[in-house]
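Chains as they are written, first to last, in the working numbering: chain A, 206 to 511; chain B, 206 to 511.
2 protein chains.
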Amino acid sequence: MQLTLKQLRYFVAAGENASVTKAAQAMFVSQPSISSAILHIEEQTGLDLLIRHHAQGVSLTPTGQRFLLKAKQLLTEADNLGKFATSLTEDVSGSLRFVSLPTLAPVLVPPVMHQFVERHRDVQVQCEEADQEKIISGLLTGRFEFALTYDIKLPPELDFTPLVDFPPYVLLPQTHPLAARDELQIQELAAEPMVLLDWPLSRDYFYSLFLAAGVEPNVAYRAKSLAMVRGLVANGLGYTLFNTPLANHISLDGNQMAVVPLAGSPRPTCLGLATLHGVRATPAAAAFIDMLQQHVGQFDQHNTEG
Amino acid sequence: MQLTLKQLRYFVAAGENASVTKAAQAMFVSQPSISSAILHIEEQTGLDLLIRHHAQGVSLTPTGQRFLLKAKQLLTEADNLGKFATSLTEDVSGSLRFVSLPTLAPVLVPPVMHQFVERHRDVQVQCEEADQEKIISGLLTGRFEFALTYDIKLPPELDFTPLVDFPPYVLLPQTHPLAARDELQIQELAAEPMVLLDWPLSRDYFYSLFLAAGVEPNVAYRAKSLAMVRGLVANGLGYTLFNTPLANHISLDGNQMAVVPLAGSPRPTCLGLATLHGVRATPAAAAFIDMLQQHVGQFDQHNTEG
DNA sequence: AGCCTGTATAGGATTTTCCTATACCTTGCT
DNA sequence: AGCAAGGTATAGGAAAATCCTATACAGGCT
């Protein structure tokens, strides 16, 4: 049994107008179109839907009345699906799920999320943290609407929109001999004990800065979390390199650190948005991205100032 | 925006199989059919539903996931409509509304209705009483599924199924001189005061019995209800003619009446079912009619006995 | 009786759907 | 690197569904 929405529409129109001809006028088609559509339904279902009167329209049989009710329900549901579709393209609503590298998420996402949920209270936002590989597969499989990450190892199916450059800087114990300097050469650091943030992208990037200068770092400690790296540095176990701008330089155990820029404008990392090529952002995603761009503007100013 | 159920079905299949090709196999159509159907939805709605991977199927975008959910809902509703249609042709369920002449209804309907609702507790039965004109228009407009009436003035759109013949008989006051007779000639009654049930069909029918015998009745009183006619007769105001077999002959105020058959097998009234020509009875109606036919069988025996 | 109204049918035109063949791109194996 | 395999989109023509005009047909209305 295969009924078309169109056929049902025609039948409902005929039933409600008690006339095939009036239905045809209402639906802007010819009278036989309505007639044959109804005949088709009757044939498919084996129901007698209409009583055909001569020269005075049609009436619904009792089963026709019952069927019309249900058919009408289905049609309004179908209309609702259409409305739902347009709402998906127009309204900031529903849910929003995106992903970020863990280095960036805690710094950038909370303030924007705060602003966003205040403006769009009915939207369910979820931000996940994952490494670049999971980010990419998550974007490709539609798990995330966009990602906050670096332009590294992204496949061609993903578009990248740069947001802001983060130049690397040195984070040292307050007591470090180099802590008072205005800026530091990468070569000066090579011999010093380093605390390395041991994540795939970070590791490669910071290594590359040394390699570009023809030296190698002296990695004394490795750690897998931002908080741990900062704790080690703050307690005098070495320096580290960062690129994400952090608003405080006090470790979780309460020790102060010093920040010194790297000399010679080393290659910065470019933070940006990864999205699926050819897939339009949902209104919610677009709104969030908009706020995010506004928010990172402040870091741009920092950079141009510095 | 005009989406087809078929297109939605194809999209859902593709989304759930994460593959256009697999969907095509599942739906027994070619792969481009699926592809173009989805493309059509995307074009109509402006949504990006799928992420096309090279050589490894497709994924749903976040909006695609949301849309799929709703589309699936709609499709199950559509299937339900189909199931509903077949249930209308197969199951004794829902509601049943029919109509009867008021002379017949209180005698025939209650016992059958009792039996019916006991067997089909979930069916809502309603029996209305109306004159022949309203019965006919009610059948033609689909208000009633069938009617219990006589084969009189029925238009050709209505089919008539005879159930049982009711021969007319005389109802007299117990004290009436003719009350003790075995049978009565119509001519013997002509001069006697008659109480007439003043309803269109009854009136014409009983009159016609006299006219066929070449005499005219002496109508002393007219009444519009069965109970009133019986009351008048029981209290000695005249005789009356009936055709419906009543199981008691005591008026509402407690007076006994006598029943005497008419001699010479006068033309009986034929009780039967009026239904719409070309419209199949619903299962509920068919079941009720079946019980009704069983029930009236007993009157047939009475007739053949008498 | 004859016109009007309204539905069903016939037949051809148009639009939609469908299929085959093919282009195009990536994955994975050699 | 190159080549086969797997998967989607496109092209173009065939098949099917839909639609329209014209007409048959039948009862209501005057």
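Note that CB positions come from ideal geometry on N, CA and C, so glycine has one too.
Predicted, not measured: the structure shown is a model, and the values here were computed from it.
Relative to chain A, which residues along the segment 264-276 of chain B have a C-beta separation below 7 Å, given in chain order? Ser264, Leu265, Thr266, Pro267, Thr268, Gly269, Gln270, Arg271, Phe272, Lys275 and Ala276
Mind checking Glu510(B): buried by the 16 CB within 10 Å criterion, or exposed? Along the second sequence, read from residue 1 onward, the residue named residue 510(B) stands at position 305. Low local confidence applies: a pLDDT of 44 at Glu510(B) is under 50, so the model's placement there is unreliable, with the coordinate-based value given in what follows. Exposed, because fewer than 16 other Cβ atoms sit within 10 Å of the Cβ of Glu510(B).
Just the C-alpha distance for Gln331(B) and Ala490(B), rounded to the nearest angstrom, thanks. Working through the second sequence from its first residue, we reach residue 331(B) at position 126. Working through the second sequence from its first residue, we reach residue 490(B) at position 285. So the two alpha carbons sit approximately 11 Å from each other.
Short Cβ contact (9 Å threshold) for Leu306(A) with Leu344(A): Position 101 of the first sequence, counting from 1, holds the residue named residue 306(A). Position 139 of the first sequence, counting from 1, holds the residue named residue 344(A). Contact flag unset, no.
N- and C-terminal bounds of the beta strand (DSSP E) containing Ser300(B): What you label residue 300(B) is simply residue 95 of the second sequence in a count that begins at 1. That run of the beta strand (DSSP E) goes Ser300 to Ser305.
May I ask you to report which of helix, strand or coil DSSP gives Ala425(B)? Here residue 425(B) refers to the residue found at position 220 when the second sequence is read from its first residue. Reduced to three states, the DSSP call for Ala425(B) is strand.
For Gln390(B), which residues from the same chain have a beta carbon less than 6 Å from its beta carbon, with the 5 sequence-adjacent residues on both sides left out? Working through the second sequence from its first residue, we reach residue 390(B) at position 185. Excluding residues within five positions, the ones whose Cβ falls inside 6 Å are Ala468.
Among Leu446(B), Val312(B), Glu388(B) and Ala228(B), nearest to Val424(B) - alpha-carbon criterion: Locating residue 424(B) in the second sequence gives position 219, counting from the first residue. The shortest C-alpha separation from Val424(B) is found at Leu446(B).
Can the beta-carbon of His500(A) be found less than 9 Å from the beta-carbon of Gln320(A)? Translated into the one-based positions of the first sequence, residue 500(A) becomes position 295. Translated into the one-based positions of the first sequence, residue 320(A) becomes position 115. Yes.
Roughly how many angstroms lie between the CA atoms of Leu476(B) and Ser292(B), to the nearest whole one? The residue given as residue 476(B) occupies position 271 in the second sequence. The residue given as residue 292(B) occupies position 87 in the second sequence. So the alpha carbons of these two residues sit roughly 31 Å apart.
For the beta strand (DSSP E) containing Tyr374(B), list its first residue and its last residue. Indexing the second sequence from 1 puts residue 374(B) at position 169. Counting along the chain, the beta strand (DSSP E) containing Tyr374(B) begins and ends at Tyr374 to Pro378.
Chain-ordered neighbours of Ile256(B) on chain A, where CB pairs are closer than 9 Å: The residue labelled residue 256(B) in the question sits at position 51 within the second sequence. Chain A residues near Ile256(B): Leu344, Leu345, Thr346, Gly347, Glu362, Leu481, Gly483 and Val484.
C-beta atoms of Ser298(A) and Pro372(A) nearer than 9 Å: Translated into positions along the first sequence, residue 298(A) becomes position 93. Translated into positions along the first sequence, residue 372(A) becomes position 167. No, they are not a contact pair.
Kindly indicate which three-state DSSP category Ser398(B) falls into: helix, strand or coil? Taking the first residue of the second sequence as position 1, residue 398(B) is located at position 193. In the sequence under discussion, the amino acid at residue 398(B) is Pro, which differs from the Ser named in the question. Pro398(B): strand per DSSP, three-state reduction.
Please name the residue in Ala310(B), His245(B), Leu451(B) and Thr480(B) whose C-alpha comes closest to that of Pro361(B). Taking the first residue of the second sequence as 1, we reach residue 361(B) at position 156. Pro361(B) has its Cα closest to that of Thr480(B), out of Ala310(B), His245(B), Leu451(B) and Thr480(B).
Enumerate in chain order the residues of its own chain whose CB-to-CB distance from Leu402(B) is below 6 Å, with the five nearest sequence positions on each side excluded. Numbered from 1 along the second sequence, position 197 holds the residue referred to as residue 402(B). Closer than 6 Å at the Cβ level, and outside the excluded window around Leu402(B), lie Val434.
Under 9 Å between the Cβ atoms of Pro267(A) and Thr487(B)? Walking along the first sequence from the start, residue 267(A) turns up at place 62. Walking along the second sequence from the start, residue 487(B) turns up at place 282. In contact: Pro267(A) and Thr487(B) (Cβ atoms closer than 9 Å).
Please name the residue, chosen from Pro398(B), Arg427(B), Gly419(B) and Leu394(B), that lies closest to Leu407(B) on a Cα-to-Cα basis. Position 202 of the second sequence, counted from the start, is the residue given in the question as residue 407(B). It should be noted that the sequence gives Ser, not Leu, for residue 407(B). When only C-alpha atoms are compared, the closest one is Arg427(B).
If distances are taken between C-alpha atoms only, which option among Met232(A), Leu265(A) and Leu313(A) comes closest to Pro450(A)? On the first sequence, position 245 is the one that residue 450(A) refers to. Looking at the Cα atoms, Leu313(A) is the closest of the given residues.
Given a cut-off of 9 Å on the beta-carbon distance, is the pair Leu457(B) and Pro378(B) in contact? By 1-based counting over the second sequence, the position of residue 457(B) is 252. By 1-based counting over the second sequence, the position of residue 378(B) is 173. No, these two residues do not count as a Cβ contact at 9 Å.
For a contact defined as C-beta to C-beta under 7 Å, what are the partners of Glu282(A) on chain B? As a first step, residue 282(A) must be located in the first sequence, where it is residue number 77. Within 7 Å Cβ-Cβ: Leu279 and Glu282.
Which residues does DSSP list as the beta-bridge partners of Gly443(B)? As a first step, residue 443(B) is located in the second sequence; it is residue number 238 there, counting from the start. According to DSSP, Gly443(B) bridges with nothing at all.
Within chain A, partners of Glu350(B) - CB distance below 9 Å: Counting from one through the second sequence, the residue named residue 350(B) turns up at place 145. Those are Thr266, Pro267 and Thr268, listed as they occur along chain A.
Could you check what DSSP says for Val330(B) in three-state terms: helix, strand or coil? What you label residue 330(B) is simply residue 125 of the second sequence in a count that begins at 1. Note: Val330(B) maps to strand in three-state DSSP.
Is the CB of Thr380(B) under 9 Å away from at least one CB in chain A? Residue numbering aside, residue 380(B) sits at position 175 when the second sequence is read from its first letter. Thr380(B) does not count as touching chain A.
Start-to-end residues for the beta strand (DSSP E) that takes in Asp364(A): Along the first sequence, one-based indexing puts residue 364(A) at 159. Where Asp364(A) is concerned, the enclosing beta strand (DSSP E) stretches over Leu363 to Phe371.
What are the residues in the segment 290-307 of chain A lying within 9 Å of chain B by C-beta distance? Ala290, Thr291, Leu293, Thr294, Gly299, Ser300, Leu301 and Arg302
When you compare the CB of Ile494(A) with every CB in chain B, is at least one pair closer than 9 Å? Position 289 of the first sequence holds residue 494(A). Judged by the 9 Å Cβ criterion, Ile494(A) is not in contact with chain B.
Would you call the segment 246-262 of chain B and the segment 234-243 of chain A in contact, with 3 or more CB pairs under 8 Å? no
Between the alpha carbons of Leu376(B) and Ala290(B), how many angstroms are there, rounded? In the second sequence, residue 376(B) corresponds to position 171, counting from 1. In the second sequence, residue 290(B) corresponds to position 85, counting from 1. Cα to Cα, Leu376(B) sits roughly 50 Å from Ala290(B).
From Tyr374(B) to Leu497(B), what does the alpha carbon distance come to, in whole angstroms? Here residue 374(B) is taken as the residue at index 169 of the second sequence, counted from 1. Here residue 497(B) is taken as the residue at index 292 of the second sequence, counted from 1. Those two C-alpha atoms are separated by around 23 Å.
What first and last residue would you give for the beta strand (DSSP E) that runs through Pro466(B)? Position 261 of the second sequence, counted from the first residue, corresponds to residue 466(B). Note, Pro466(B): beta strand (DSSP E), Met462 to Pro466.
Straight-line Cα distance separating Asp296(A) from Ala432(A): The residue labelled residue 432(A) in the question sits at position 227 within the first sequence. The residue labelled residue 296(A) in the question sits at position 91 within the first sequence. Looking at the two C-alpha atoms, the distance is approximately 39 Å.
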